[in-house]
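J.:
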């Protein structure tokens, strides 16, 4: 049974890897865009206005319609890659640095989801400047993850 599963995972490896990359790209797009929306929402938009409701709609749809499914797909395909024989050497440092980056990315995603609820509830207290700074977090994590996988440091 285990040997059959290993054979299936090995045969599906190129497809699993491709779907993983596609889902990560979609997730990253959202992680880059949502904080940017928050910058403008925090700095320019008057709470309770039509523009406020428009931003809330855009933020909710981006998070629920693109980012959440892309994150879940990234995790699912990533786990399948980890389970594929010969893909990960847990004795090396790179899978651990990648894992730290992925956990950081997931934590950032959850932080953004909480901030969206703050805007929706009219309780946002985070400045546009803070959102600008936080907009750099996914870039740093992406660098760690890509270097971990490609350079295998």
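Numbering (the working numbering), first residue to last: 317 to 469.
All C-beta atoms, glycine included, are put in the ideal place defined by N, C-alpha and C.
Would you be able to state if there are at least three C-beta pairs under 8 angstroms between the region 401-418 and the region 341-355?
T.: No, the region 341-355 does not touch the region 401-418.
J.: Enumerated in chain order, which unbroken segments of the beta strand (DSSP E) with a length of 3 residues or greater are wholly contained in the region 379-463?
T.: The qualifying runs do not exist here; there are none.
J.: My guess is that residue 453 and residue 414 are in contact by the Cβ rule of under 8 angstroms, so how many angstroms apart are they, rounded?
T.: Contact doesn't hold; Cβ gap of about 16 angstroms is too wide.
J.: Say whether the region 441-452 touches the region 361-379, bearing in mind that this needs 3 or more beta-carbon pairs closer than 8 angstroms, one atom from each stretch.
T.: The region 441-452 is not in contact with the region 361-379.
J.: If we ignore side chains and look at the alpha-carbon of each, how far apart do residue 412 and residue 377 end up?
T.: Using only the alpha carbons, I get a separation of about 33 angstroms.
J.: So the candidates are 431, 358, 384; which of them puts its Cα closest to the Cα of residue 422?
T.: Of the listed residues, the one whose Cα sits closest to residue 422 is 384.
J.: Identify which residue in 325, 350, 395, 460 has its Cα closest to the Cα of residue 380.
T.: Ranking 325, 350, 395, 460 by Cα distance to residue 380 puts 350 first.
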